[in-house]
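Colleague: Shown below is the structure under consideration.
In UniProt numbering, the protein residues as written are 1 to 226.
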């Protein structure tokens, strides 16, 4: 019997690897504590960080809310690059095994993330796994990644897939926006730390929501009647 979806389009941070608490949020704290002191700005908690990422494009947030000038934006970006290049977030337990089994059953594994493709590739190489496609963030070209549909459009054309063949798995709004615009299903995941302030929103916009990797794996790998 066929697998439920021929292709999964998975987010990276906080869907595949447990990275925001150990990489992205600490990079933000490092910058905010050193640059934002004395300014009319409240440093975000981890839960508020996810809420911000749900509500804002990050680059608009640092420009319009944090009110960083160009030099400060470049400094923030450089610090984030240093953190992502030197820290090694771990995959959520059971996620790699799920991907391996999904590939064995003929599934296509694609990654769509606002992290850089080279960092995503490095994380997967550490686990001896190669996704079929990686769509990472390209600075200056937001149209090549979520929330735009370029990744889904490219996958459909390359692998000759219908929208019903594809599901997006994510924990934040850009992935779900991409899924809706492309006409594909969306799965929300809540097993990463800190999603309390966006949990209700995830449940509103996703066809399915899972609180554990085990439940996600059972759903994806459970064969369906043809």
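Where is the CB? At the ideal position from N, CA and C, for every residue including glycine.
Measuring straight from C-alpha to C-alpha, what distance separates residue 58 and residue 65?
Modeller: Locating residue 58 in the chain shown gives position 58, counting from the first residue. Locating residue 65 in the chain shown gives position 65, counting from the first residue. Each residue's Cα considered, the two are about 10 angstroms apart.
Colleague: Taking the straight line between their C-alpha atoms, what separation do you get for residue 164 and residue 37?
Modeller: Taking the chain shown and counting its residues from 1, one reaches residue 164 at position 164. Taking the chain shown and counting its residues from 1, one reaches residue 37 at position 37. Residue 164 and residue 37: Cα-Cα distance of roughly 49 angstroms.
Colleague: Please identify the residue among 80, 5, 109, 4 whose C-alpha is closest to the C-alpha of residue 32.
Modeller: Here the question's residue 32 lines up with position 32 in the chain shown. Ranking 80, 5, 109, 4 by Cα distance to residue 32 puts 80 first.
Colleague: Can you pull the DSSP bridge partners for residue 133?
Modeller: Here residue 133 is taken as the residue at index 133 of the chain shown, counted from 1. Residue 133 pairs with 110.
Colleague: Quick one, are the C-beta atoms of residue 148 and residue 178 less than 9 angstroms apart?
Modeller: Taking the first residue of the chain shown as 1, we reach residue 148 at position 148. Taking the first residue of the chain shown as 1, we reach residue 178 at position 178. In this structure, residue 178 lies closer than 9 angstroms to residue 148 by Cβ.
Colleague: Does DSSP classify residue 200 as helix, strand or coil?
Modeller: Residue mapping note: residue 200 aligns to position 200 of the chain shown, counting from 1. Looking at residue 200 - three-state DSSP - the assignment turns out to be helix.
Colleague: Are three or more beta carbon pairs between the region 149 to 158 and the region 122 to 129 nearer than 8 angstroms?
Modeller: With a cut-off of 8 angstroms, the region 122 to 129 and the region 149 to 158 do not count as touching, because too few Cβ pairs lie within range.
Colleague: Considering only DSSP beta bridges, list what residue 91 is partnered with.
Modeller: By 1-based counting over the chain shown, the position of residue 91 is 91. DSSP lists 17 as partners of residue 91.
Colleague: Thinking residue 155 and residue 133 are a contact (beta carbons under 8 angstroms), I'd like their distance in whole angstroms, please.
Modeller: Start at 1 with the first residue of the chain shown, and residue 155 comes out as number 155. Start at 1 with the first residue of the chain shown, and residue 133 comes out as number 133. Correct: roughly 6 angstroms between the Cβ atoms.
Colleague: Does residue 138 come out as helix, strand or coil in the three-state DSSP assignment?
Modeller: Residue mapping note: residue 138 aligns to position 138 of the chain shown, counting from 1. In the structure shown, residue 138 sits in coil (DSSP, three-state: anything other than H, G, I, E or B).
Colleague: By alpha-carbon positions, which one of 169, 26, 96 ends up nearest to residue 43?
Modeller: For the purposes of this step, residue 43 is taken as the residue at position 43 of the chain shown. The shortest Cα separation from residue 43 among 169, 26, 96 belongs to 26.
Colleague: So residue 213 is in the alpha helix (DSSP H); what residue range does that whole segment cover?
Modeller: Here residue 213 refers to the residue found at position 213 when the chain shown is read from its first residue. It spans 213 to 221 - the alpha helix (DSSP H) in which residue 213 sits, taken as one unbroken run.
Colleague: Please list the terminal residues of the continuous beta strand (DSSP E) segment that includes residue 10.
Modeller: Taking the first residue of the chain shown as 1, we reach residue 10 at position 10. First-last of the beta strand (DSSP E) with residue 10: 7 to 10.
Colleague: Determine, using beta-carbon pairs with one atom in the region 9 to 22 and one in the region 71 to 80, whether at least three such pairs fall under 8 angstroms.
Modeller: Verdict: no, contact absent.
Colleague: If you draw a straight line from the C-alpha of residue 92 to the C-alpha of residue 111, how long is it?
Modeller: For the purposes of this step, residue 92 is taken as the residue at position 92 of the chain shown. For the purposes of this step, residue 111 is taken as the residue at position 111 of the chain shown. Taking the straight line from one Cα to the other gives about 15 angstroms.
Colleague: Given this structure, state the Cα-to-Cα distance separating residue 215 from residue 180, to the nearest angstrom.
Modeller: Taking the first residue of the chain shown as position 1, residue 215 is located at position 215. Taking the first residue of the chain shown as position 1, residue 180 is located at position 180. Rounded to the nearest angstrom, the two C-alpha atoms are 23 angstroms apart.
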